[in-house]
Each structure stands twice: as structure tokens, then as C-alpha cells.
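*Asks:*
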Amino acid sequence: MDRIRFEKAFESARLKVYRADRHRHEAEQWFSIFINSDFCRVVDDREGKGQSLSLEIEPVPIEITLAIGDAFHCLSSALDHAMSGLMEAKTGNSTRISFPTNVSRGALRQSFMSPGVDKCGRAKKAPPTRRIVKALPLLALDILSVIKPYQGSGSFLWEIRKADNIDKHNLIIPTLHITEIKGFRASQKVGRGRYNATITGDFTGQKVPMCEWTNVAPDFFEIDEEGQVTGKIAFADTMEVFAGEAVFPTLLNCVHSVTETLDRVEAVASRYL
Numbered sequence: 001m002d003r004i005r006f007e008k009a010f011e012s013a014r015l016k017v018y019r020a021d022r023h024r025h026e027a028e029q030w031f032s033i034f035i036n037s038d039f040c041r042v043v044d045d046r047e048g049k050g051q052s053l054s055l056e057i058e059p060v061p062i063e064i065t066l067a068i069g070d071a072f073h074c075l076s077s078a079l080d081h082a083m084s085g086l087m088e089a090k091t092g093n094s095t096r097i098s099f100p101t102n103v104s105r106g107a108l109r110q111s112f113m114s115p116g117v118d119k120c121g122r123a124k125k126a127p128p129t130r131r132i133v134k135a136l137p138l139l140a141l142d143i144l145s146v147i148k149p150y151q152g153s154g155s156f157l158w159e160i161r162k163a164d165n166i167d168k169h170n171l172i173i174p175t176l177h178i179t180e181i182k183g184f185r186a187s188q189k190v191g192r193g194r195y196n197a198t199i200t201g202d203f204t205g206q207k208v209p210m211c212e213w214t215n216v217a218p219d220f221f222e223i224d225e226e227g228q229v230t231g232k233i234a235f236a237d238t239m240e241v242f243a244g245e246a247v248f249p250t251l252l253n254c255v256h257s258v259t260e261t262l263d264r265v266e267a268v269a270s271r272y273l
């Protein structure tokens with residue numbers, strides 16, 4: 001195996017992981033600016049039969065959405081940089097080579113096997129992953145039995161691939177969850193009535209009902225303090241992977257997973273040097 005190409009493969013792969021982590025930091029910084037801004041306001045809805053209060057919430061900044069997609073793309077690319085670089089170092093040919101992931105262990109194992117022959121006795125065309133088995137059998141075995149890049153294994157590698165593919169076609173738009181409104185105050189216009197509260201829950205949407213007074217005059221209360229709003233962002237419940245999971249801890253777990261995978265692949269593949 002060519003040592004220079006070997007080292008270059010992991011150098012470029014780790015640069016991609018570094019960039020993914022920068023995108024994660026960028027998304028966190030944008031969210032910090034957003035959550036500390038006037039991103040939501042209390043709306044006083046006055047009707048003939050009473051008075052209610054709602055939160056009107058601004059959409060999550062597009063910069064967060066773009067940074068999330070870019071992070072997944074860089075992590076997926078890091079895996080491919082390592083595998084294609086290894087094949088280039090070992091065989092001189094990395095055409096159509098990518099890091100193997102699949103929906104299940106069985107499907108991944110099948111992709112490593114010889115495709116056999118057709119009805120005419122001619123050898124079927126082998127998938128690119130079969131070339132990895134022939135060139136780096138120890139690594140192929142380790143990928144299948146230790147790294148486990150398939151759905152639900154806990155490695156997150158298949159899920160990273162899926163998220164990257166989703167972002168290629170549609171933006172990964174996170175859902176904002178309002179978890180607390182601290183120090184909200186309203187007072188009765190006539191009299192001494194006060195409404196002081198810390199409101200907790202899980203509120204999502206662009207207009208969220210807060211509280212309601214029925215059978216009172218429409219201007220019974222007025223808002224004194226809108227309070228401090230706390231929130232978090234999560235992947236949409238309808239997303240095919242990471243559904244409902246908090247965005248930033250999930251991205252951090254993915255960065256750690258790819259880092260550990262690269263370390264493992266490098267250690268195993270170094271036996272061929």
C-alpha cells in the first residue's frame with residue numbers, strides 16, 4: 001500500500017470532519033443569536049367574549065437549516081474520502097468507491113459477497129463494495145462486525161448518509177420548541193388583579209396559545225412583561241432519521257461517531273502498509 005496516499009486519505013477525511021464540526025458550531029451560534037432576540041412576541045387577542053394571549057414566533061433562521069445540511073454532507077464525505085483514498089493507495093483505482101453503508105446487516109453482508117453467475121454462466125458484475133473485500137478483507141470484516149454501518153446499529157453512519165441524501169433534495173428544516181416563558185406578567189386594568197407566571201410546556205408552531213380568560217371584558221388584562229423565552233430545536237417528527245431528536249446533541253454524536261470510525265479504519269488498514 002502506498003503510504004503517502006494512505007496518509008493523505010485520512011488527512012482529507014479529518015478535514016471534512018473538522019468542517020462538519022464548524023458547521024455545527026455555526027448553527028449553534030445562529031441559534032443563540034436567534035433565541036436571545038425578539039424572535040417571538042405576546043399577542044393580545046381581544047374578542048367580545050373574553051381575552052386570550054398567544055405567542056407569535058418567527059421562523060428558525062435559514063442559516064441554521066443550511067448549516068445542518070452542510071454538517072451532514074461533510075460527515076458523509078469524510079467517510080468516502082477515507083475509503084476511496086484507501087482503495088487508491090492499495091489498488092490505484094478508486095472509481096465508484098464509497099464507504100459501505102446499508103439498511104441492514106444482511107444487506108451489507110450481501111453487498112460484500114460475490115454476485116455469482118447469470119443463467120448463461122457468465123460472471124455477474126460485482127458491486128464496488130466487492131472490490132473492497134478483495135483488496136482489504138480485514139477491513140471489510142471489521143466494517144461488518146465492529147463498525148456496523150447499518151440502520152439502527154448505534155453507529156449513526158447509515159443515518160448520516162440518509163440525512164445527507166435528504167438534504168440533497170429538501171432542506172432539513174428543524175422544529176422550534178418553546179419550553180419555558182419565565183417572568184410573564186399581566187395586570188388587571190381596573191382593580192388589583194395580577195397574573196405572574198412561569199409558563200412551561202412544549203409549544204411549537206408560528207402562533208401558540210398561552211392563556212385565555214373567558215366571560216371577562218375584552219380589555220380585562222394588559223401585558224406588563226412578556227418574559228424571557230427559552231427554547232430548543234429538534235428534527236421534525238416526520239423526518240426519516242433522527243425524528244424528534246434535539247439537533248445539536250445529535251450532530252455532536254454524529255461528529256464523534258465519524259471521528260471514531262476513521263480512527264478504527266485507519267488502525268485496521270494500517271496492517272496493509
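For the sequence shown, position 256 matches number 256 in my numbering, and the numbering has no gaps at all.
Even glycine gets a Cβ: it sits at the ideal position worked out from N, Cα and C.
1) Quick one: what does DSSP say Q337 is sitting in, helix, strand or coil?
2) Please name the residue, chosen from A269, I166 and S257, that lies closest to M239 on a Cα-to-Cα basis.
3) Alpha carbon to alpha carbon, how far is Y150 from P127? Give it in angstroms, no decimals.
4) Where does V241 fall in DSSP's three states?
5) Quick check: the Cα distance between G244 and E266, rounded to an integer number of angstroms?
6) Out of N93, I143 and C74, state which residue places its alpha-carbon closest to the alpha-carbon of G106.
7) Quick one: using the 10 Å Cβ neighbour count with 16 as the cut-off for buried, is P100 buried or exposed?
8) Please state whether DSSP places S54 in a helix, a strand or coil.
9) Tell me the DSSP bridge mates of D44?
10) Count the other CB atoms, across all protein chains shown, that sit within 10 Å of the CB of S155; report buried if there are 16 or more and exposed otherwise.
11) Is the segment 18-31 touching the segment 61-68 in the sense that three or more CB pairs, one from each, lie closer than 8 Å?
12) Over the uninterrupted alpha helix (DSSP H) stretch that includes M87, give me the two end residues.
13) Give me the residue from M83, T91, N102 and A186 with the minimum Cα distance to A135.
14) Among R22, R130, G227 and L75, which has the Cα closest to the Cα of L262?
15) Using C-beta distances below 6 Å, list every residue in its chain close to A78, excluding the 5 sequence neighbours before and after it, in chain order.
16) Output the distance between the C-alpha atoms of N93 and F242, rounded to the nearest integer angstrom.
17) Between which two residues does the alpha helix (DSSP H) harbouring D263 extend?
18) Within the continuous alpha helix (DSSP H) that includes N165, where are the two ends?
19) So L273 and R3 are supposed to be a Cβ contact under 8 Å. How far apart are they, rounded?
20) Measure the CB-CB distance between H177 and A236 and report whether it falls below 9 Å.
21) Straight-line CA distance for F248 to D38?
22) Looking only at its chain, what residues have a beta carbon closer than 6 Å to the beta carbon of L86, apart from the 5 residues adjacent to it on each side?
23) Who are the near neighbours of V103 in its chain, counting only those whose CB is closer than 8 Å to its CB and skipping five residues on each side?
24) If you follow the alpha helix (DSSP H) that G106 is part of, which residue opens it and which one closes it?
25) To the nearest angstrom, how far is the alpha carbon of S84 from that of S98?
*Replies:* The structure says:
1) Within the shown structure, residues of the chain are numbered from 1 to 273, placing residue 337 beyond reach of any answer.
2) I166
3) 17 Å
4) coil
5) 33 Å
6) I143
7) buried
8) strand
9) L53
10) buried
11) yes
12) I62 to T91
13) T91
14) L75
15) A13, K16, V17 and V258
16) 35 Å
17) V247 to A269
18) L157 to H169
19) 6 Å
20) no
21) 22 Å
22) A9 and A269
23) Y150, Q151 and W158
24) R105 to F112
25) 6 Å
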